[in-house]
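Protein chains in written order, with this note's numbering: chain S, 22 to 502; chain G, 22 to 502; chain C, 22 to 502; chain P, 22 to 502.
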C-alpha cells in the first residue's frame with residue numbers, strides 16, 4: 022500500500038478505542054468537536070505526501086522497487102538522510118502552523134532506537150527482538166501507519182526508583198505472562214496524539230536496576246487494544262474562533278494520560294521483557310533521535326517569533342527604535358542558532374553498528390538545551406515589541422458590532438496604512454501562540470517535552486569526552502596524573 | 022460618610038454606564054456573568070475595610086475628627102506613610118489571590134500627582150487647578166469612591182508625536198470648549214477596572230510639545246457620563262470552574278478600550294487644559310507613585326511563586342535535588358529583592374514641595390525594572406519544578422467520572438501521603454497563574470503595565486545623578502574637565 | 022588612648038613579625054618596597070579619623086566619657102548604627118581608591134560575632150568566653166588596634182570533613198594544651214592584610230561535627246607571636262607606575278598564607294576550645310556581619326564603573342549611542358541595587374539577644390549574591406564602552422619619548438577637547454581596576470571573598486522562612502497538609 | 022621557495038623596521054627581551070609546517086605542481102576547504118597555548134577579501150586592482166611571508182565620519198599622489214603582531230561616503246618601509262617566569278599603534294584609491310573571513326576552560342558537587358556551541374563570484390556574538406571552581422625557599438594524591454589566562470577583537486533575510502501588506 026490517503030487515515034481512527042474527554046466517553050475521535058481538529062492537524066501529514074509539490078521530498082523508494090513510502094520511515098544512513106528528515110519535519114510544522122505533525126516523527130524515532138537496541142539485547146541475552154522489531158517496523162511502514170509513543174511514566178515520588186515506590190504501578194510493568202504474551206499495567210503521562218494514532222509504542226523512561234526488572238518492558242499495541250484507556254487533557258486546546266485563535270483554532274496536539282489496565286501484548290509485539298540493563302540505553306537512544314526531531318520542529322515556531330516581531334514593530338511604528346532592533350536581532354540569532362546546531366548535529370552524525378546514523382548526541386542536546394534555556398526570554402522580547410493590547414484588545418464580536426466597530430477601526434490602527442483589523446490579527450496571533458493557554462503550553466513544552474532541562478544537561482555531561490581538553494591543559498603545565 | 026459598605030459600593034455601579042462585552046451592551050455590570058467576578062474582586066477593598074481585623078490599618082482619621090477614611094487617600098508625608106501604603110496594597114493583593122484591588126490605589130496615585138502638579142501649573146500659568154483638584158480629592162475621599170485611571174492613548178504610529186499622527190484623535194484631545202466645560206475626544210487603551218469604578222481620572226501619557234497643546238488635558242468624570250464608552254477585552258478572564266482556575270475563576274481585573282466620543286467635562290473637573298509643558302511632569306509624577314504601587318502589589322504574586330515551588334517540589338519528591346533547591350533560592354531572592362527595593366524606595370523617599378513624600382524615583386524604577394526583566398525567567402523556574410502535567414493533566418470531570426476517577430486517583434499521586442487531587446489542585450493553580458491565558462496576561466503585565474521596560478530604563482537615566490560618580494573617577498586620575 | 026595617629030600605627034607594625042615575600046624574609050613591612058604601599062593604604066584609616074572633616078562620623082564616645090573611639094568599634098544597636106557603619110566603610114573605600122581599608126572593619130565584624138556567640142557557649146557549656154571576648158574587645162578598642170581575621174582553612178579535599186582529611190592539619194586545630202594556654206597548628210588561606218594588622222583573630226570556617234572537636238577553636242594573637250608565619254602572595258600587586266596603574270600603584274591589599282606552626286595561645290585569648298557545636302554558628306555570625314561589610318565596601322567600586330563608563334563614553338564620542346546608554350543604565354542599576362539592598366539590610370536589622378543589631382541575613386546575602394552573580398557582566402559593559410585601547414595602548418615612556426610623543430598626542434585624542442593624555446589616563450584607570458592583574462583579583466574577590474556564591478545561596482535557603490508563602494498558596498487552593 | 026624554515030622567517034624580521042617599546046627604539050625584534058617571545062610564538066607556524074607530522078594538513082599543492090605552499094594561502098572553494106582552514110587554525114592555536122599564530126591567518130583573510138572586491142571595483146571603475154592583488158598574493162604565497170593587517174583607525178570622535186573629525190588624520194588617508202605611488206598618513210590602532218610580520222596589509226575600517234574619498238585606501242607595504250612606525254603596547258605581556266605565567270611567559274601577541282608618517286606606497290601595491298563606495302564592502306568582506314578565523318581560534322581557549330575546570334574540580338575534591346557539574350556542563354556547551362556554529366558556517370558557505378567560498382555570514386556572526394556575549398560569564402564559572410587561591414597563592418620563590426617550602430607543600434595539597442605543586446601549577450595557569458593582565462587582555466579581545474558586539478549585531482541584522490519568516494507569519498493570518 023505504501024502511502025495512505027488522508028481519508029483512509031481518518032477512517033482508520035474510527036476503531037472503537039477508549040477515549041475520555043472532560044468526563045465523557047468519546048465514541049468517534051474524528052467527529053468529536055475538539056478532537057477532530059487534532060485529527061485534521063495530524064492528517065496534514067497524509068495530505069502533504071499526496072500533494073504533487075511535496076511528494077518527492079516526503080516519500081522514498083526502497084532499492085529495487087517503485088513503491089513510495091513515507092520518508093519518515095527511511096532509516097538514516099548518513100548526514101544527508103538526517104538533513105532531509107529535518108527538512109520534512111520543518112515543512113510539516115510550518116504547514117501545521119508551528120505545531121509539528123508528530124504521528125510519523127515520534128514513532129520512527131522510537132523504531133530506530135528499538136532497531137539499534139534490539140540487536141544489542143539479542144547479542145547479550147540471546148533474544149530475537151531485532152527480528153520482531155523489523156517485522157513490526159515493516160508493518161507500520163508498509164501500511165503507512167500513524168504512531169504515538171508512550172514513554173514518561175507517572176512516576177509517583179520522583180526521588181525513588183520504580184521498585185521503591187509506595188505504589189508498584191507508578192511505572193508501567195509486567196504483571197503477568199501467558200502463552201499469548203505479557204500483561205502490562207500502569208499509566209504513562211502526557212502521551213501526545215494517541216487519539217490520532219493507529220499504533221502506540223511503549224518504552225521505559227529511565228535507567229533501571231536489577232530490582233526493577235518487571236519495569237523493563239517495551240512493546241507496541243494498536244489503539245483499540247482492550248484495557249488501553251486514553252484520558253485526554255482539556256488544557257491544550259482553545260475554542261474555534263479563528264479570529265481570536267488564528268492558529269490554535271485550526272491546529273493542535275492532544276495530550277492524554279494513557280492507562281494500561283492489564284493489557285495483553287502478543288509476543289511478536291514485545292520488544293523488551295525484563296532485560297533491565299537495556300532500559301536505560303533504549304530510553305536514551307529514543308530520546309537521542311527524538312531530541313533531534315524536537316530541535317527540528319522548533320525552528321518554525323522561532324521563525325514565527327522573528328516574523329511576528331518584524332510585522333508588529335512595523336505596525337506599531339517602532340522598527341527603528343534601537344531596543345526593538347536589538348530584540349529582533351536576538352530573536353533571529355535564537356532561531357538560527359537552534360537551526361544551525363540542529364544541522365551541525367546531522368553533519369556530525371555517528372554511524373551506530375554501521376547501520377544507522379544518529380545525530381551527534383552532544384550537539385543535539387546542546388541545541389535542545391539552548392532552545393529550552395532561552396525560550397521564555399525570547400517570548401518576552403516578542404511580547405515587549407507587541408505591547409499591552411495583546412491581552413487588552415477587543416473581541417471579534419466588538420469589531421463586528423456596528424455600535425462599536427467604528428471606534429475600534431478608528432482607534433486601533435497603527436502606522437499609516439496599517440488597519441486596526443490587521444493589527445488585531447497580529448495581536449491575536451501572537452497572543453494565541455505566546456500569551457495564552459496555548460502560549461503556556463508552548464512554554465511548558467519548551468522545558469519539559471523530549472526531556473527536561475536537567476535531562477539535557479545530564480546527557481551532555483555523560484556523552485561529552487573531556488579527555489582531550491584535560492590532556493591539552495595537562496600538556497600546558499606538564500601535569501602527569 | 023467616609024468608608025462605604027461593600028453593598029453600597031456594588032449598588033453604586035448600577036448607574037447606566039455604557040459597557041460592551043463580546044459585542045453585547047452590558048446593562049448591569051454587577052450581574053453580568055463575567056464582569057460581576059471583577060466587581061466582587063474589587064469589592065474586597067470595601068469588605069476588608071469593614072472587617073474588624075483590618076479596619077485599623079486600612080483606614081485613617083483626619084486631625085481633629087473621628088471619622089475613618091480609607092487609608093489609600095492618606096497623602097504620604099513620610100517613609101512611614103509609604104510603608105503602610107505598601108503594606109495595605111500587599112494585604113489587598115493577597116486577599117485578592119495575587120490580583121491587586123486597584124480601585125483605590127491607582128486613583129490616589131493619580132490624585133497625589135495632580136495635587137503636586139496642580140500647584141506648579143497654577144504658579145506658572147495663574148490657573149486654579151490645585152483648588153479644583155483638592156475639592157475633587159475630598160469628594161472622592163469623603164464618598165469613598167472607586168476610581169479608575171485612563172492614561173495610555175491608543176497612539177497610532179508610536180514613532181510620531183500626537184500632532185504628527187495620520188489621525189488627530191490618536192491621542193485624547195480637546196475638540197471644543199463651552200461655558201460648561203471642555204469637550205474631549207479620543208480613546209485610551211487598556212484602562213483597568215473602569216467597569217468597577219465610580220470615577221474615571223484621565224491624564225496625558227507623554228511629554229508634549231507646543232504643537233501638541235490640544236492634547237494637554239487632564240480631567241475626571243463619573244462613569245455614566247454621556248459619550249463615555251467602555252469596550253471590554255475578553256482576553257483576561259477564564260471560566261468559572263474553580264478546580265481548573267482556582268484563582269482566576271474568583272479574581273480578575275477587567276481591561277477596556279475607553280472611548281471618549283465628544284464627552285463634556287465640567288470646568289471644576291478640568292485639571293489641565295493646554296498647558297503642554299506640564300503634560301510630561303504630570304504623566305511622570307503619576308507614574309512615579311504608580312510604579313511604587315506596582316512593585317508593592319507584585320510581591321504576593323512572587324510569594325506565590327515561592328510557595329507553589331516549595332509545595333510542588335514536595336509533592337513531586339524532588340525537594341532535595343540540587344537544581345530544585347537552586348531554583349527555589351532564585352525565586353526567594355527574586356521576591357525578596359523586589360520587596361526590599363520597594364521598601365528602600367519608601368525609606369529613601371523625597372519630600373516634594375514640603376508636602377508630599379514621593380518614593381525615591383531611581384530605586385522605584387530599579388525595582389520595577391528588576392521585576393520586569395526577570396519575570397519570565399522565574400515563571401520558567403516554577404514551570405520547571407512543576408512538570409509537564411501542568412498542561413497535560415486531566416479535567417475535573419474526569420476526576421469525578423467513576424469510569425476514570427480510579428485511574429486518576431491511583432496514578433497521579435505524588436510523594437507518599439500526597440493525593441492525586443491535591444497534586445492536581447497545585448498543577449491547576451500554577452497553570453492558572455503562570456501557564457494559561459491568565460499566565461500570558463501576567464507576563465504581558467510584567468512588561469507593559471505601569472510603563473514598559475524602556476520607560477523604566479529611561480526614567481533611571483533621567484533621574485539618576487551620575488555627577489558624584491564622575492567626580493569620584495576624575496579625582497582618581499586628576500582629570501579636570 | 023582611644024584613636025591613634027597614623028604614625029603611631031605604622032610604627033606599631035615594626036614588631037619583628039615573620040613575613041615572607043617572594044622567597045625573602047621581610048624585616049620591616051613598613052619599609053618594604055611593595056608592602057609599604059599596603060601599609061600606607063591601611064594607614065588611611067588612622068589618617069581619616071584624625072582629619073577634622075571626618076573625625077565626627079569616624080569616631081564615637083561611650084556614655085559618660087569624652088574620649089573618642091574609632092566608630093568601627095561601636096556595637097550596633099539599631100538600624101542607624103548599621104547605616105553609619107555602612108557610610109564610613111563607603112567613605113574609607115572611596116578614599117582608598119575602591120579598596121576598602123579593612124583593618125577595623127573585619128576585626129570588629131569578628132568581635133561582634135564572638136560577643137554574641139560567647140554568651141551562648143557560656144550558657145550551654147558553663148565557659149567564660151564572653152568575659153574574655155569583652156576584655157579583649159576593650160583592649161583593641163582602647164588601643165585603636167588594627168586587626169586581621171583568619172578564617173578560611175586550606176581545606177585539602179573540600180568534599181571531606183576536617184577529621185576525614187588525608188592530613189590532620191588541613192584545618193587549624195588544637196594540638197596541645199598547657200597551663201599557659203593552647204597550642205594550635207595549621208594554616209589559613211588568603212587572610213587579608215595580616216601584614217598591616219596588630220592583631221590576628223582566628224575562627225573556624227565551617228560547621229563541625231563531634232569528631233571534629235579539635236578543630237573547634239577561636240582565638241586572637243598579636244602578629245609577632247612565635248610560630249606565626251605570613252607567606253605573602255605576590256599576585257595582588259602591580260608596580261609603582263602611577264600612570265599605568267593609577268589606583269593599584271597607591272592602594273592595595275595584601276593576602277597571605279598564614280601558618281600556625283605550633284603557636285601558643287594564652288588562655289585569656291582563647292574564645293572557643295572544642296565546643297564543636299558552636300563552630301558553625303560562630304562562622305556564620307561573623308560572615309553575616311562581614312557580608313554586610315562586603316556589600317558596603319563594594320559600592321564605591323561600582324560607582325567607579327558608572328563614572329568611568331560616563332567619562333569614557335564622553336571621551337570616545339559615543340554617549341548618545343543607544344547601546345551605550347543602555348549599558349550605563351545597567352551599571353547604574355547594578356550599583357544602586359547593591360547599595361539599596363545594603364541599606365535595606367540595615368533598616369530590617371534583627372536585634373540579637375536584645376544587645377546587638379545584625380543586618381537582615383536574607384537581604385544581606387541577596388545583596389552579596391546579586392553583586393557577585395553580576396560582577397563579570399558589568400565589567401564587560403565597562404570594557405565594551407572603553408574599547409580595545411584599554412590593553413593595546415602605548416606606555417607612559419612612549420608618551421614622554423620625543424620621537425613618539427607627537428604621534429600619541431596627535432592620534433589618541435578623542436572627542437573634540439579631550440586630549441590623548443586624558444584618554445590614556447582613563448584607559449589606564451579602567452585597565453588597572455578591571456582588565457589586569459588587579460582586575461582579575463577583583464573578579465576573584467567578587468566570587469570568593471566573604472563566602473562563595475554557593476555559600477550565599479545556602480545561607481538564603483537556610484535563613485528564609487518559606488512558611489508564609491507556603492501557607493498563602495495552601496490557602497488559595499484549600500490544601501490542608 | 023614555497024614554505025620557509027623557522028630560521029629563515031626569524032632572520033627575515035631583522036630588517037631595520039622602526040619599533041618602539043616602552044620609550045626605547047628596538048633595533049632587533051628577534052633579540053629583544055620581550056618581543057622575541059612574540060616572534061618565537063609566531064615562528065611556530067613555520068616550525069609546524071616543517072614538522073613531518075603536520076606537513077600534510079598545513080600545506081597544499083597547486084594543480085600540476087609538486088611544490089607545497091602553506092595551506093593558509095589556499096583560496097577556499099568549498100566547505101571542505103573552510104573546514105580544513107578551521108582545523109589548522111585550531112591546531113596552531115593549540116600549539117600556541119591558546120594564542121593563535123595569526124601571521125598567516127589574518128593576512129590571507131584580507132587577501133581573499135581584496136581578491137573578491139578587486140574584481141568588483143574593476144568592473145565598476147575600470148581599475149586593475151584584481152590583477153595587482155593577485156600578483157601580490159602570489160608574491161606572499163610563494164615567499165611564504167608573514168603578514169599583519171591594519172584596519173582599525175584611531176577614529177577620534179567615534180560619532181563622526183572621517184571628514185567631520187576635528188583632525189583630518191584620525192582615519193588613514195591619502196595625502197599625496199606621485200608618479201611612484203600614493204602617500205598615506207594616519208595611524209591604525211591595535212594592529213596585532215606587526216613586529217612579527219614581513220608585510221603589512223592596510224584596509225579601511227568602515228563604510229565611507231563621497232566626502233570621505235581620501236580615506237578610501239587599501240594597500241600593502243613591507244615592514245621596513247620608511248615612515249612606518251610601530252609603537253608597541255606594554256600591556257599584553259608578562260614576565261618570563263614560567264611557573265607564575267605558564268602560558269604567557271612563552272606565548273603572546275604584540276599590539277602596536279601603527280603610524281603612517283607620510284608613507285609612500287608604490288602603485289602596484291595600491292588596492293583601493295578613492296573608490297569610497299567599496300570601502301565598506303572591503304571592510305566587511307575582510308571581517309567576514311576574519312570572524313570565521315576568530316571563532317576558529319577561540320575553540321582551544323574554550324577547551325582550556327573545560328580541561329582546567331575538570332582538573333581544578335578534581336584537585337579541590339569538588340567534582341561531585343551539583344553546582345560544579347552544572348558549571349562544567351555550561352563550559353562544555355559554550356565551547357562546543359562555538360565550535361559547532363563555526364563548522365556550520367563552513368558547511369553553509371556561500372560561493373561568491375563562483376570563485377571563493379565565504380563562510381555563511383549570519384552563522385559566523387552569531388558564533389562570534391555568542392562567544393563574545395558569554396565570555397565573561399564563563400570566565401566566572403572557571404574562577405568559581407578554582408577558588409580564591411588563584412590570586413592569593415604563594416610565589417615560586419616561596420615554594421623554593423627552604424624556610425617556607427615545607428609549609429606550602431604541606432598545606433596547599435588538594436584531594437589525596439594531588440600535590441601542592443601541581444595544584445599551584447593549575448592555579449597559575451588559570452590565573453595566567455583568566456585572572457591577570459593576560460586575562461584582562463583576553464576579556465577585552467572577546468569583546469573588541471574582530472569587531473565589537475555591536476558590529477556583530479549589526480551584521481546579523483543586515484545579512485539576515487527576514488522575508489521568509491515575515492511571509493510565513495502573514496500566511497498564518499492572511500495579511501496582504
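Backbone N, C-alpha and C fix where the C-beta goes; we use that ideal spot for every residue, glycine too.
Given the structure is predicted, the values throughout are model-derived calculations rather than measurements.
Under 8 Å Cβ-Cβ, which residues of chain S neighbour residue i?
i	result
residue 344 of chain C	343, 347
residue 56 of chain P	Near residue 56 of chain P there are no residues of chain S at all, since even the closest Cβ is about 22 Å away, more than 8 Å.
Does residue i come out as helix, strand or coil in the three-state DSSP assignment?
i	result
residue 496 of chain P	helix
residue 266 of chain S	coil
Anything in chain C within Cβ reach of residue i, meaning under 7 Å, just list it in chain order.
i	result
residue 331 of chain P	Neighbours of residue 331 of chain P on chain C: none; closest Cβ ~15 Å, over 7 Å.
residue 411 of chain P	465
Below 9 Å on C-beta distance, what does residue i contact in chain G?
i	result
residue 436 of chain S	177, 178, 179, 180, 181, 187
Can you give the Cα-Cα distance for residue i and residue j, rounded to whole angstroms?
i	j	result
residue 47 of chain G	residue 250 of chain G	11 Å
Shorter than 8 Å from the beta carbon of residue i to some beta carbon of chain P?
i	result
residue 208 of chain C	yes
residue 160 of chain C	no
Between residue i and chain G, is any beta-carbon pair separated by less than 8 Å?
i	result
residue 267 of chain C	yes
Going along chain C, which residues have a C-beta under 9 Å from residue i?
i	result
residue 478 of chain G	346, 347, 350, 351, 354
With 8 Å as the threshold, decide whether the Cβ of residue i is near any Cβ in chain C.
i	result
residue 337 of chain P	yes
Run down chain P in chain order and give the residues with a C-beta less than 8 Å from the C-beta of residue i.
i	result
residue 65 of chain C	Within 8 Å Cβ-Cβ: nothing; residue 65 of chain C doesn't reach chain P, min ~22 Å.
In chain C, which residues lie with their C-beta within 8 Å of the C-beta of residue i?
i	result
residue 384 of chain G	357, 361
ask   = With a cut-off of 8 Å, do at least 3 Cβ pairs link the stretch 423-430 of chain S to the stretch 244-255 of chain S?
value = No, the stretch 423-430 of chain S does not touch the stretch 244-255 of chain S.
inquiry  = Any contact between the stretch 139-153 of chain G and the stretch 288-307 of chain S? By contact I mean 3 or more CB pairs, one from each, below 8 Å.
reply    = no
request  = Count the CB pairs spanning the stretch 153-170 of chain G and the stretch 211-222 of chain G that are closer than 8 Å, and state whether there are at least three.
outcome  = With contact defined as three or more Cβ pairs closer than 8 Å, the stretch 153-170 of chain G and the stretch 211-222 of chain G are in contact.
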